[in-house]
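Worksheet for the structure shown next.
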Amino acid sequence: MKIQEIIDKLIAFHPEIGNPHTCDTVKAGDANQECTGIVVTCFASMEVIQKAIDLAANFIICHEPVFYNHEDDTQWLAGDPVYEAKHRLLEEHGIVIWRDHDHIHGNVDAGSADGIFYGIMSELGWKDYVIGSTKKPLMYEIPETNVKALAAELMEKLNLTGIRVVGDQNATVKRVFFCEHVQASRGWKNDGTVPDNEAMKRIRNERADVMIPFEIVDWTMSAYVRDACYAGYPKAILEMGHFNVEELGMKCMAKWLPQVIGSDLPISYVQSGDSFSYITR
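Right under this line is the structure:
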């Protein structure tokens, strides 16, 4: 089966996204070659590319950019030794990379499921705990625990070396809120609302105990959680990083991909690796 055939099957399987400027394109290699094997990952790092080579796989499906910006524009990288090393590794081994970002996130407004968040729910085993729709599960009510125990569970299931915590590590936990991007964006929504403000309203209105963001800044939600703890409303943020959280969606993809492409090609999930290491005092 040619790699382009696999891409076509995936696009046909995913819901219509209605975005003519999608970033879901081939980022490297010749997609008209025969596929020898598939690696699914969140970020196609050089380490992941080498693991694909070791697995004799020539097709990588990733979720995030390959070349350090959303559109994978490489003009600005001309002469950059890091880019050249990565590009050379891909060319020498005939590796094809295709990004599945917009399609796997789906079109929730049109009733389709967000494959990343559905995958996170599935891999955590939290389907019975979802509050609201499973199309894009963000809020959960889990069996009562505490922040430290929840962090330990997440480190185990996400294969992480640690988690950064804001707030009360001993707080009792029932409601967990995956609050997506918390990055002090101002008014980018069509209705003019500020995303960080809306996320903090959900914390209050839906009584969330623990927040799991993709990114955070110190002066919006982090500041709110610190003050909440001081005021007698114990809460915490478990900050693992964008790739580490979304990685579970791609891990889940590797399980349903064989049925979609209708092939017995070898398919491997390769974790792109914990983005962080920790020096503690």
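So the number in the numbering used here is just where the residue sits in the sequence shown, counting from 1, plus 431. For each residue, glycine too, the CB sits at the ideal point set by N, CA and C.
Supposed close pair residue i, residue j - CB separation, criterion 8 Å
{"i": "Glu554", "j": "Cys683", "result": "5 Å"}
{"i": "Ala488", "j": "Gly468", "result": "3 Å"}
{"i": "Val676", "j": "Leu581", "result": "Contact flag wrong, Cβ pair sits at about 14 Å."}
{"i": "Thr592", "j": "Ser708", "result": "6 Å"}
{"i": "Phe498", "j": "Leu508", "result": "6 Å"}
{"i": "Phe608", "j": "Ile634", "result": "7 Å"}
Spatial distance of residue i from residue j (CA atoms)
{"i": "Gly680", "j": "Phe548", "result": "6 Å"}
{"i": "Val745", "j": "Thr505", "result": "Nothing can be reported for residue 745, as the shown portion of the chain is limited to 432 through 712."}
{"i": "Leu589", "j": "Glu678", "result": "8 Å"}
{"i": "Tyr700", "j": "Ser476", "result": "14 Å"}
{"i": "Pro697", "j": "Lys566", "result": "29 Å"}
{"i": "Trp650", "j": "Met671", "result": "18 Å"}
{"i": "Pro446", "j": "Gly563", "result": "21 Å"}
{"i": "Lys605", "j": "Asp559", "result": "13 Å"}
{"i": "Asp461", "j": "Ile526", "result": "8 Å"}
{"i": "Leu569", "j": "Lys632", "result": "14 Å"}
{"i": "Thr455", "j": "Tyr655", "result": "The sequence shown places Asp at residue 455, rather than the Thr named in the question. Rounded to the nearest angstrom, the two C-alpha atoms are 36 Å apart."}
{"i": "Asp531", "j": "Asn463", "result": "18 Å"}
{"i": "Glu646", "j": "Glu502", "result": "19 Å"}
{"i": "Ile492", "j": "Val648", "result": "30 Å"}
{"i": "Lys579", "j": "Ala685", "result": "30 Å"}
{"i": "Glu523", "j": "Gln481", "result": "11 Å"}
{"i": "Ile551", "j": "Trp687", "result": "14 Å"}
{"i": "Asn500", "j": "Arg519", "result": "19 Å"}
{"i": "Asn450", "j": "Val561", "result": "29 Å"}
Residue j beta carbon less than 7 Å from that of residue i
{"i": "Val457", "j": "Trp529", "result": "yes"}
{"i": "Ile594", "j": "Leu669", "result": "yes"}
{"i": "Val691", "j": "Lys440", "result": "yes"}
{"i": "Thr603", "j": "Asn577", "result": "yes"}
{"i": "Asp599", "j": "Pro644", "result": "no"}
{"i": "Ala459", "j": "Leu521", "result": "yes"}
{"i": "Ala630", "j": "Cys610", "result": "yes"}
{"i": "Ala615", "j": "Asp627", "result": "yes"}
{"i": "Ile448", "j": "Asp533", "result": "yes"}
{"i": "Ile434", "j": "Phe490", "result": "yes"}
Buried versus exposed, by CB contacts within 10 Å (16 or more), residue i
{"i": "Ser703", "result": "buried"}
{"i": "Met432", "result": "exposed"}
{"i": "Asp545", "result": "buried"}
{"i": "Val597", "result": "buried"}
{"i": "Thr785", "result": "In this structure the chain extends from 432 to 712, so residue 785 is not present and cannot be described."}
{"i": "Gly542", "result": "exposed"}
{"i": "His536", "result": "buried"}
{"i": "Ile710", "result": "exposed"}
{"i": "Glu495", "result": "buried"}
{"i": "Ala667", "result": "buried"}
{"i": "Gly663", "result": "exposed"}
{"i": "Val479", "result": "buried"}
{"i": "Val513", "result": "exposed"}
{"i": "Gly510", "result": "exposed"}
{"i": "Gly556", "result": "exposed"}
Handout entry: beta strand (DSSP E) segments (min. 3 residues) lying fully within the region 516-581
Key = Scanning the region 516-581 for uninterrupted beta strand (DSSP E) segments of 3 residues or longer gives 527-530 and 570-577, listed from N- to C-terminal end.
Problem - Ranges of the alpha helix (DSSP H) found wholly within the region 665-696, counting only runs of at least 4 - result: For the region 665-696, whole alpha helix (DSSP H) runs of length 4 or above, ordered along the chain, are 673-692.
Exercise for the section: May I have a chain-ordered list of the beta strand (DSSP E) segments no shorter than 3 residues that lie completely inside the region 582-637? Expected result: The region 582-637 is shown to contain whole beta strand (DSSP E) runs of 3 or more residues at 595-598 and 603-612, in chain order.
Problem - Every unbroken beta strand (DSSP E) inside the region 447-496 [3 residues or more] - result: Listed in chain order, they are 457-459, 469-471 and 490-493.
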